[in-house]
Ligand code: HEM
Ligand code: SF4
C-alpha cells in the first residue's frame with residue numbers, strides 16, 4: 247500500500263502518515279484494513295459510514311461512524327439524491343470514506359459503488375464486517391454522530407455503470423464479459439445468456455470480506471477471462487452481491503469493470519432473454 | 011482451535027469432557043495433483059488434450075461430469091475407512107460454500123461429494139482438500155476406489171478386532187500404486203467389523219476380521235458387487251491370516267488386471283470375470299497367484315503396507331462412572347408422544363464395547379448436510395467425542411463415536427440447534443437415495459428427492475418408533491446401476507420410465523428381501539410402482555404386514571418369508587403381495603391427475619433424458 251504524503255505538513259512520527267483534518271489527503275486503497283481505519287479515526291481524517299439497519303447502528307457502531315442504511319440509498323437511487331446523502335453526511339470531495347456492513351461486505355460495496363458513481367474518488371471498504379471488528383475487541387461506541395453539511399460536486403462516472411440495453415449489446419461482443427454473482431443453484435436455474443458464474447461466496451475468506459488479489463485473479467484466469475476484458479457484474483436484485491464482485495475485480499487489477507446495478511430482477515421484468523437449465527433437479531441436493 | 015487447546019493438556023491427556031488430542035493430518039492428498047489438474051483443464055479448454063484423455067485424467071482425480079452439463083463436476087472426496095475429522099469437516103464446509111452449492115453429500119461408499127463445481131474451480135477445491143489431508147485421487151475411474159470400513163469398527167461389541175488400521179493401510183498401499191492405475195474397471199474393497207455389519211459381500215474384495223488360534227486374520231470374500239447385474243462374493247478360504255492380507259489383495263488385483271474384460275464396458279467388473287471363469291477355477295488362480303506374489307514381492311514393497319502406522323495410539327480417557335451408566339430409553343419402547351430426546355436416543359444411539367461410551371448417529375436426508383451444519387457439528391465432535399472424529403456411513407448418515415452418557419443431552423441439544431437432531435437414523439425412516447437426476451447423467455428418476463420424501467414422511471408418521479420396522483431398510487437408485495444399493499434393501503427401488511396409457515411416467519422397480527452383512531442376499535424384483543406412489547406402496551406393505559404377521563416377527567423377517575413363498579396368512583407369496591398392492595397402483599388419466607405423471611422436483615411433463623455415463627471411463 248502506498249501512502250501519499252502531500253501538503254508538506256509536519257510529519258507525524260507515530261505512524262509515518264500525515265493526515266490533517268483540513269487536507270483530507272489520504273488516498274484510500276480499495277480495501278481499508280482495521281489498523282489504517284483506527285489511525286484515520288484517531289486523526290479525525292475519515293468519514294466512517296455504517297450501512298446496516300438504523301436500529302443496529304443505534305445499538306453500537308465503529309467510533310465516529312454515521313448511519314446510512316442501504317435501504318435509504320436504494321429508496322431514491324438516482325445521482326442527485328445520492329449527492330444529497332453525501333452532503334448531509336458531511337462528506338466533501340476528497341474526504342476519505344470507509345464503509346462497512348455486517349453482510350460480508352456486499353451492502354457496503356453497493357454504497358461505495360454509488361458514491362464512486364457520482365464522483366467521490368476516495369472510498370474504501372473496511373476489510374471486515376462489524377461483527378468481526380467487534381469480535382476482535384476493537385473500539386465501538388453508541389453515540390449517534392452527525393456532522394455539518396459539506397458541499398460535494400457531481401461528476402457522474404459513466405464508465406462504471408451498465409444498464410439493461412448496454413448489457414444486451416455487450417453480450418454479443420467477445421471482449422465484454424458478463425459475470426453473475428449469485429450462488430450456483432440460482433445461476434443454473436436461469437441467467438443472462440453467456441454470463442459466467444463467480445458466486446459471491448468465492449470472494450471472501452474467513453476474517454476478510456475479500457480474498458487476496460492473487461487468488462481472485464487466479465479464479466478469473468482459470469475461467470479464461472482475459473484481464474484486459476471489460477467485465478460487467480450483476481446479481482439477483484439490487485447490485486449488492488455484484489457490487490462486492492465489482493470491488494473484488496478491481497482489487498485483482500481488472501481495469502474496466504461495470505456494475506449492472508439493477509441486475510437480474512430488472513432483466514427479467516423487462517422480459518429479456520434468459521438461459522435456463524431444466525434438465526437436472528439440482529435444488530434437491532441442498533440440505534437447506 | 012483456541013477453544014480446543016484449552017481442553018487439551020499435553021500428551022496423555024484425559025481432560026474434562028474426555029476429548030483426546032487431534033490425530034495427525036492423514037496426508038492423503040498431494041498439492042502437485044491440484045496444480046496438474048488446473049493445468050490439464052487449461053490444456054483441455056485449449057484443445058491440447060483430447061476429450062478422452064482428459065476424461066480419464068479427470069476421473070482418476072475424482073471429478074465426474076454433472077448431469078447434461080459437462081462444464082460442471084461432481085467432486086468425490088475419498089474418506090478411507092470413513093474417518094473424517096473436524097478440521098476436514100470445516101474445510102469441506104468452506105469449500106462447498108465457496109465453490110459448490112453450500113451443501114455436501116455423504117455417499118453410500120463413505121465418500122463425501124461436492125456437486126455442481128465449475129470445472130475451472132475443481133483444482134481450487136483440491137488444493138483446499140490437500141490442506142486438510144484429504145484427496146479425491148482415484149475416487150472415480152478404473153482404480154481401487156475408496157476403501158470402506160464398517161463405521162462400527164473399533165467399537166462394535168461383536169468384532170474380533172478393529173479393522174480400521176488394516177483398511178487404511180490397504181488404502182494407502184494401493185493409492186497411486188502403478189499396479190492399479192488402469193484396471194479393466196473400478197475395484198472396490200470393503201472391510202466389515204463383524205458378521206452382522208458392513209458390506210463385505212458386495213465388494214470385489216470384502217473382508218471380515220476373524221481370529222484363529224489367537225492369530226488375527228480375515229474371512230475374505232471375492233467377486234461380489236452391485237450393478238445392473240449383481241453378485242454376492244465367494245469365500246476364498248476359511249481363514250486368511252493377517253500376514254497374507256496384502257498378498258491376497260495384490261494377487262486378486264493382478265489377476266483382474268491381466269484377465270479382466272477391457273472390451274465390453276457393461277461386463278468388465280471383476281464379478282463377471284469370476285462368473286465366466288467359474289468360482290472354483292478363479293479361487294485356485296487367486297491362491298496360485300498369491301504364492302507367486304509372496305515369493306516375488308520385495309521386502310521393500312511389503313513395508314509400504316504398514317498397519318501399525320495407521321493404528322490408533324492416542325489413549326482414550328476412561329468413561330466416568332462407566333459401570334453405573336444406564337440409558338433406559340435405548341431398550342424401552344418409545345412412541346410418537348415420547349419426548350423428542352428419548353425418541354432420538356432410541357433410534358440414533360447405541361452402546362459401544364467400551365463401557366460407558368456410546369455412538370450417536372446423525373440422521374441426514376439422503377446424505378445432504380449444509381456448510382453451517384458441518385461447522386457446528388465439527389465443534390460438537392471436538393467437544394463431545396473422545397476420539398475426536400466422525401465416520402460416515404453407507405446409510406448416508408454420520409456416526410459420532412465415543413460420547414459419554416452424561417454428555418448425550420448436551421450433544422443432542424447442540425445438534426438440535428442446527429436441525430441435525432432428527433431421530434430414525436438406525437430405522438426404516440433413514441432411506442438411502444443415490445444422486446439420481448439431481449446430478450447424474452444416467453439417472454432416469456429423482457431418486458435423491460424420493461429418499462428425502464420417504465424420510466420426511468416416515469418421521470412425521472413416527473415409523474422410527476415402531477421397533478418391528480427397525481431392521482428394515484429402504485434404498486433407492488435412479489436407474490438400474492445400483493449406486494443407491496437398492497439390491498441390499500429390505501424394500502429397494504430403482505428408477506425407470508414406463509408408459510402408462512398414452513403417457514410416459516417415472517416409475518420404480520420394487521425389490522424385496524435384500525440384506526447386507528455376511529449373510530447378504532440380493533433383493534428380488536417384484537413389480538413396477540409409479541414414482542408418486544412409492545410412499546403409499548410402502549405404507550400399504552406395512553399395513554398388510556401388521557395384519558398378517560405372527561407375534562414378534564419383524565417386517566424384514568416377514569418380507570423374506572413372503573419372498574420364499576412361506577407366508578402363513580392370506581398373503582403367502584409374491585403373487586399374493588402384488589395382487590394386494592394393485593389398488594395403490596391405479597392412476598387417473600393424465601388430464602385428471604397430471605401430477606402423478608411427473609417426477610418429484612419438477613412440474614414439467616416427465617421425459618427420460620440421459621447422457622453417456624462415465625462410470626466405465
Ligand atoms: C454405468 C455407470 C455406473 C455404474 C454401473 C455405477 C454403479 C455403481 C455401484 C454399483 C455403486 C455402488 C454401491 C456399492 O458398491 O456399495 C455406485 C456408487 C455410486 N455411484 Fe455409481 N455407477 C455408475 C455411474 C455413476 C454416475 C455417472 C454417478 C454420478 C455422477 C454415480 C454416482 C455414484 C454415487 C454417488 C455412488 C455412491 C458411492 C460412492 O461413494 O462411490 N455413478 N455406482
Ligand atoms: S444408480 Fe443410476 S441414477 Fe443413481 S447415481 Fe448410479 S448411475 Fe446415477
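Chains as they are written, first to last, in this note's numbering: chain A, 247 to 534; chain B, 11 to 627.
Cβ coordinates follow ideal geometry from the N, Cα and C atoms, glycine included.
Around the C-beta of residue 402(A), fewer than 16 other C-beta atoms lie within 10 Å, and the residue is accordingly described as exposed.
Taken through DSSP and simplified to helix, strand or coil, residue 359(A) comes out as helix.
Per DSSP, the beta-bridge partners of residue 82(B) are 128(B).
In the structure shown, residue 390(A) falls within a coil segment according to DSSP collapsed to helix, strand and coil. Just measuring C-alpha positions, the residue of 404(A), 529(A) and 309(A) sitting nearest residue 505(A) is 404(A). DSSP places residue 468(A) in the uninterrupted alpha helix (DSSP H) bounded by 459-468. By the neighbour-count criterion, in which a residue is buried when 16 or more other Cβ atoms sit within 10 angstroms of its Cβ, residue 388(A) is exposed. In this structure, residue 487(B) has its CB closer than 6 angstroms to one or more heavy atoms of the ligand SF4. Distances from the CA of residue 125(B) to each of 141(B), 137(B) and 108(B) were compared; the closest alpha carbon is that of 108(B). Distance between residue 318(A) and residue 518(A), taken at the CA atoms: about 28 angstroms. The beta-carbon of residue 463(B) is placed no less than 7 angstroms from the nearest beta-carbon of chain A.
Under the three-state reduction of DSSP, residue 190(B) is assigned to helix.
Contact residues of the stretch 513-532 of chain A toward chain B are 523, 524, 525, 526, 527, 528, 529, 530, 531 and 532 (C-beta to C-beta distance below 9 angstroms).
Flagged as an interface residue toward chain A: residue 380(B), by a C-beta distance shorter than 7 angstroms. For residue 388(B), the uninterrupted alpha helix (DSSP H) segment begins and ends at 381-394. Relative to the non-hydrogen atoms of the ligand SF4, the Cβ of residue 449(B) never comes closer than 6 angstroms to any of them. In the DSSP assignment, residue 557(B) falls within the unbroken alpha helix (DSSP H) covering 544-558. The straight-line gap separating the alpha-carbon atoms of residue 49(B) and residue 350(A) is approximately 31 angstroms. Under the DSSP assignment, residue 426(A) falls in the beta strand (DSSP E) whose first and last residues are 422-426.
Residues of the stretch 427-449 of chain A that bring their beta carbon within less than 8 angstroms of a beta carbon in chain B comprise 429, 430, 431, 434, 443, 445, 447 and 448, in sequence order.
Identification of chain A residues near residue 78(B) by a Cβ-Cβ cut-off of 9 angstroms yields 523, 525 and 526, ordered along the chain. Collapsing the DSSP output to three states places residue 523(A) in coil. Closest option to residue 323(A), judged by alpha-carbon separation, among 488(A), 507(A) and 377(A): 507(A). Residues of the stretch 285-298 of chain B whose Cβ lies closer than 8 angstroms to any Cβ of chain A: none. Any Cβ of chain A closer than 7 angstroms to the Cβ of residue 207(B) would place that residue at the interface, and such an atom is absent. The contact set of residue 469(A) on chain B, defined by CB atoms closer than 7 angstroms, consists of 130 in chain order.
According to the DSSP assignment, residue 70(B) belongs to the alpha helix (DSSP H) that extends over 61-70. A Cβ-Cβ separation of about 14 angstroms leaves residue 152(B) out of contact with residue 186(B) under the 8 angstroms criterion.
Shown here, residue 165(B) sits in coil according to DSSP, grouped into three states, outside any helix or strand.
Contact of residue 141(B) with chain A is not assigned, every C-beta pair being separated by 7 angstroms or more. Using a Cβ distance threshold of 7 angstroms, residue 99(B) and residue 388(B) count as a contacting pair.
Considering only beta carbons, the part of the stretch 444-473 of chain B lying closer than 8 angstroms to chain A consists of 445, 446, 447, 448, 449, 456, 458, 459 and 462, in chain order.
When DSSP states are grouped into helix, strand and coil, residue 284(A) belongs to the helix group. Of the residues 531(B), 300(B), 312(B) and 452(B), the one whose Cα lies closest to the Cα of residue 623(B) is 452(B). Within the chosen limit of 6 angstroms, the ligand SF4 does not reach the beta carbon of residue 531(A) with any heavy atom. Inter-segment contact for the stretch 392-411 of chain B and the stretch 34-42 of chain B is absent: fewer than three beta-carbon pairs are separated by less than 8 angstroms.
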